[in-house]
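**Student:** Could you have a look at this structure, given as structure tokens, before my questions?
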Amino acid sequence: MAAVAVRRREYGAVFKYVLLLPAVIWVIAFTFLPLISVIQYSFANYVLGEGITGYVGFANYENVLTDHRFWHSIMVTAIYVVVTVPVEVVLGFLAAWLVSLGAPGSRGFRTIIGMPLFALEVAIGYLGVTMFSSQGGVVAVVLGLIGIHIPWLSTPAGGISAAIILDIWRWTSFVFLIVLAALGSIPSDLYDAAILDAKNHWQVMWRIGLPLAWPVTTIAILLRIVECLKVFAIPYALTTGGPGASTEVFSATDYLTTIQFFDFGKGSAMGIVFLIMVAVIITVFFRQMRKALD
Amino acid sequence: MTDHDNADKFAQLAHAFMRGRMGRREFIIKGMQLGLSAAVLTRLTRPSWAAGKLMDSAPEAKYESPVTQERVDFLKTKPYKGTTINVMVLKATVGDGLKYHVPHWEEETGGKINVAEVPIETLHQQIFSDLASGLGKYDAYMTGAWYYGDFFVPKTPYIVEIDKFLGDPKHPYWDPSQFLPAMRRLYEWGGKLYGVLFDADAQTLYYRKDIFDNSDVQAKFKAKYGYDFPNPPKLMKELHDAAEFFTGWDWNGDGTNCYGLALHAKVNEQGFFHFLSLSAPYVISPDNKYYFFNPDKMQPLINSEGHLRALEDYVKLLADGPREEIAWTLGQGWNLFLAGHSAMEPTWGDLPTLAQDPKTSKVQGKIGAAGIPGTTEAFNPISGEWKKYDLNQVGNTNGGSWHCVISRLSKKQEATYDFLAFMANKKNAFFNATNGWTGVQPGMKFEYLPPVGTATLAEFKAQGWNTDDVTEYLKGYYSVVSAPVTEQYLRIPGTAEYWHELDVNVSAVLGGQMKPKDALDATAAAWDKITDRYGRDKQKALYEASFA
Amino acid sequence: MINVLWLRSSLWSRVVVYFLLISAVVFTLLPFLWAAVNSIKTSADTFLPGAVIPFVNFQPTLDSWRGVLEDPQVENAFVSSMVVSLGTTIFGLILGVPAAYALARFRFPIGSNDIALWFLSQRVLPPAVVLVPFYLLLVHLRLIDTWTGLIFCNSTFNLAFAVVIMRDIFRDVSTEIEDAAKVEGARPWQVFWKVSLPLSVDGLVVTSVLIFAFTWNEALFSAALTSQSATTFSALVLASRSTRGVDFNVASVNTLIGVLPPVILYFFVQRYLARGLSFGAVKG
């Protein structure tokens, strides 16, 4: 028995690496060179056509950290994430709960409510211009019926709000799908027991559904936060960062710096600073979540 | 003798020279008498190798006109059979224009063309990644005039001159001396030609001629402002008064209140060209040609008193259009005019072109076109002084002026040039200019109506143009592009970045987030940083060279 | 599907539930409906106040539809999108699922949480930062403007989904069943392949749907790393912005046709989603 166990353990030792390493090696191989390049550029002065003209130490980082526009874009992104993610999680959870009640027609609801996840963000952003425009946009028209006129696209607050609304539309279905899968596993007898205990739907959801689906939901939240921090297509297609640079999210600022102006030095430094900031956020978040569960 | 008379006289001279009624030497001498530099005149009249051996057409070259005998003989051998050239273009408009000619060239020469259509967002990145990485997959790139500086950063430029191909009569015939001078500059670098004719952009003031000619409207204006209605506005003050006058009442007769002036001022969307065109007469004058930098040490001039006054005036125009226009993309701004709700719009030739489509336009046959209004007082940022003028009107070549350049890494440069010249051949160039869907505007003299060129109203009418509109359009466009005093395009590396800083800060002013002075000061500071990054001495040298 | 809660609900509860669900559906469909209306408008009517009902408020036109459907590049782009999305999904699963299993079942010198986090961190950097280095890398590998190149890039960034989600799925697969299999003489890879994997099919479906959706949507890498042969549909939609600004009607057509292929695929697999995954919450 012991000999079998030892052999199994040795086999297991190799086996686990065989399973894990391909993925690890792949990611390292594919991202190693680019990451090194980015770090290298962040310490250099890059000019299109000449390449790196010299190394400047931390000058790029200093430039970024004292750049008002960079911090503004971080703030815009932060507002964006802080507003959209909770709303998407709440709405997504609710929708998943309602659909998993199994009311007749739920299959149809399930299909439709999941659809936005497949809509192209770039197209939705452009569509958003026609929806929020004060000239005949459907949102403006509907609100106009009750006498509300919001300058969506010509003010920073309006622009970010419009982008947030579109984002909620687009990404709630992400949470919805993941939570739906989780709720589907809750066995019937649990519900039977719950009904004896609880007075109404709300309590069942709050006392049974939510705790059981919570581990899943945290994954959805984590993934949403990571994606949302680098949001680009929807706000950029909607307002291209304007007026001025007031609705520029971080991705847009970096996109302009790196892709449009080929200022790799500054763009790379920006990226590294951003990476560090986000790594801290998700590490803290992840550890807290795991602690709460284990 | 006013500038206007000189311009007319020069037009007559040019006409005579083009028609062969005057020799080259005589033309240069008479031109110098009008005050033009010999260097300019010489460049304009480079002896054309085929001036005399041209045929109107030939069956082997059925898509070209005029055509040389050498060309006909060359085509008989199906010279490019087995050759494939790769061209990178913008998707839509100008890209479509190029694609139209591809099968025709392939038929004539036996060659094959691979067209890659790329979104405008990543065109610059794609071009320079292809070049800088050494991949060199493409033989020609469709480029915007503001990318030029970036091609000349490395010691050996990324693109090749076309002079060596120009002299060879077996390639399709086109005459660079037909370029309107201001436009030709955008195809050249250091006096040498790199680009082959395609698009030629400039911003003109378009207005509702039918409304402007209406005597009731004119009387109403006079009653309110105390002077005759400016038809069309020639001064900035007149522009502002007219724009204000037309805002807020229903001069259109369709039941909704209308506006005086439409803009498409969205940031990161070519909206900043509005400011470049409208601010030119505050700074550019017969006494000063520098708008962007002081060539002495590349100090930015963008926050001079003249620029500041221009920006303060520009912001006032916002009141004459819907608030949202600060976030409008080009089509949205044009829509306001095309739907008949705006009396004026300073913009590109796409506007009158689109106006000819009854599906999208209510203003066909009602278009007027004029140069961007001027000022009576301009600031000289070099000397730091204001000076008065009777009328300081400034032309421009603002816009993309999209055209193809040949990559240094190409192994089929000759075949590539052949295709580009094919599209510049008179017959094809004229097709481009008359057909609005190509997005191409006329950059060569022959595309204009007499006395400047040889086009006829019938040819335009055949493509769906209203004859009044096209007459106005060409007249206005020509006056802008051939104006004696013109705003020079910025042609140094990093132009896109310099303009972007201006764009963002002007947009912030429009959005009420920044004061004009702070915005321009911030722009100047940003420009200094960019200049230092590229190397101040290099930028200075290139800036000076771009004025030669 | 839970029926007992529904069966025991009052009429009022049922009304409320339907009301909420239908509101959700309306909210979801509204942009698609607006895209449909926009796609048959001329550019002038796009911003005409009150132009909502075709034939009543405005004259519809099929110009934009024709323009898009007759564009040969659209067909190629669709094929590219399908190939790249499917390829990424398959490749991502091949690499990521075994890794996830390893992280769920075995101990490693570095904590499995940290390794999962490291995979997740690949998703953090905005594409713009690494775009040009990736371009240069693909030039080295001669993979510019190829489907393979795009699949490789997308897989790298989407591995995170496979690892993070499947790790939790596997954690939940009952170890008792696995032990039983081992007692019967199954070797570790057989346990993985024949026992754990089939028990986690639903998780695989969720992961596949997500990887597919994310890759389908990815526009920036595609627009920058391809120029012709391998351009995906999402990159093509970026090109609705041209020298004349944005063509909103074409963008509307693109919204509608762009959502079709993934939705059709989703329709066929969605029954797996509701069958349930418990992510470590319920031990069966």
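Residue numbers (our numbering), protein chains in the order written: chain A, 1 to 294; chain B, 295 to 842; chain C, 843 to 1126.
A virtual CB, placed ideally from N, CA and C, is assigned to each residue, including glycine.
1) Is residue 993 of chain C closer than 7 Å to residue 1073 of chain C when the C-beta atoms are compared?
2) Examine chain A for any beta-carbon lying closer than 7 Å to the beta-carbon of residue 655 of chain B, and answer yes or no.
3) Please specify which runs of the alpha helix (DSSP H), each continuous and at least 4 residues long, are wholly inside the stretch 772–827 of chain B, giving them in chain order.
4) Closest by CA to residue 983 of chain C, which one among B:429, B:433 and B:438?
5) Taking contact to mean at least 3 C-beta pairs separated by less than 8 Å, is the stretch 622–640 of chain B in contact with the stretch 500–514 of chain B?
6) Measure how close the beta-carbons of residue 770 of chain B and residue 493 of chain B come, nearest whole angstrom, since I'm counting them as under 8 Å.
7) Please list the residues of the stretch 612–637 of chain B that have a C-beta atom closer than 9 Å to any C-beta atom in chain A, keeping them in chain order.
8) Quick one, which residues of the stretch 985–1001 of chain C are near chain B if we go by CB-CB under 9 Å, in chain order?
9) Along the stretch 678–698 of chain B, what residues have a CB closer than 8 Å to any CB found in chain C?
10) Is any beta-carbon of chain A found at less than 7 Å from that of residue 606 of chain B?
11) Using DSSP bridges, identify the partner residues of residue 671 of chain B.
12) Within a Cβ cutoff of 6 Å, which residues of the same chain sit near residue 630 of chain B, ignoring the five residues on either side of it in sequence?
13) Can you list, in chain order, the residues of its chain with a C-beta nearer than 7 Å to that of residue 164 of chain A? Leave out the 5 residues immediately preceding and following it.
14) Check whether chain A comes within 7 Å of residue 801 of chain B, counting only Cβ atoms and requiring the distance to be less than that.
15) Leaving out five residues before and five after residue 87 of chain A in sequence, what residues of the same chain have Cβ atoms less than 6 Å from its Cβ?
16) Of all the CB atoms in chain B, is at least one closer than 7 Å to the CB of residue 50 of chain A?
17) Tell me the residue span of the beta strand (DSSP E) that contains residue 640 of chain B.
18) What residues of chain B sit near residue 260 of chain A, judged by a beta carbon separation below 8 Å?
19) Under 8 Å Cβ-Cβ, which residues of chain C neighbour residue 411 of chain B?
20) In this structure, how does DSSP classify residue 498 of chain B when only helix, strand and coil are distinguished?
21) If we require 3 or more residues per run, which beta strand (DSSP E) segments fall completely within the stretch 945–1017 of chain C?
22) Anything in chain A within Cβ reach of residue 422 of chain B, meaning under 8 Å, just list it in chain order.
23) Going straight from the alpha carbon of residue 832 of chain B to that of residue 55 of chain A, what length do you get?
24) Less than 8 Å between C-beta atoms, sequence neighbours within five positions excluded: which residues of the same chain meet that for residue 1125 of chain C?
25) In the stretch 471–496 of chain B, which residues sit with their C-beta less than 7 Å from some C-beta in chain A, listed in chain order?
26) Show which residues of chain A have a CB atom less than 7 Å away from the CB atom of residue 804 of chain B.
27) Using a Cβ-Cβ cut-off of less than 7 Å, give me the residues of the stretch 963–988 of chain C that come near chain B, in sequence order.
28) Beta-carbon of residue 415 of chain B versus every beta-carbon of chain C: anything under 7 Å?
29) With a threshold of 6 Å, establish whether the CB of residue 350 of chain B neighbours any heavy atom of the ligand MN.
30) Flag this pair as touching only if the stretch 899–908 of chain C and the stretch 143–150 of chain A have three or more C-beta atom pairs under 8 Å; answer yes or no.
31) For residue 644 of chain B, which residues in chain C fall below 9 Å Cβ to Cβ?
32) How would you list, in chain order, the residues of chain C whose beta-carbon sits under 8 Å from the beta-carbon of residue 135 of chain A?
33) Report the neighbours of residue 207 of chain A on chain C: residues whose CB is nearer than 9 Å to its CB, in chain order.
34) Are the stretch 580–593 of chain B and the stretch 804–816 of chain B touching by the rule of at least three beta carbon pairs closer than 8 Å?
35) For residue 692 of chain B, which of B:735, B:783 and B:517 has the nearest alpha-carbon?
36) Between the C-alpha atoms of residue 448 of chain B and residue 703 of chain B, what's the straight-line distance to the nearest angstrom?
**Tutor:** Once the coordinates are examined:
1) no
2) no
3) 789–804
4) B:429
5) yes
6) Actually they are not in contact, since the Cβ atoms of residue 770 of chain B and residue 493 of chain B sit about 17 Å apart, beyond 8 Å.
7) 616, 617, 618, 619, 620, 621, 622, 623, 626, 629 and 630
8) 986 and 987
9) 694 and 696
10) no
11) B:682
12) 556 and 636
13) 80, 83 and 84
14) yes
15) 168
16) yes
17) 636–641
18) 418, 419, 790, 791 and 794
19) 915, 1070 and 1081
20) strand
21) none
22) 48, 49 and 262
23) 19 Å
24) Only weak support exists for where residue 1125 of chain C lies, its pLDDT of 41 falling under 50; the value from the coordinates is given anyway. Counting only Cβ-Cβ distances below 8 Å, and skipping sequence neighbours, we find 1014 and 1016.
25) none
26) 243
27) 974, 977, 978, 981 and 986
28) yes
29) This structure lacks the ligand MN; in fact it carries no ligand of any kind.
30) no
31) 1085 and 1086
32) 889, 890 and 891
33) The premise fails here: residue 207 of chain A is roughly 13 Å from chain C at the closest Cβ pair, so nothing lies under 9 Å.
34) no
35) B:783
36) 13 Å
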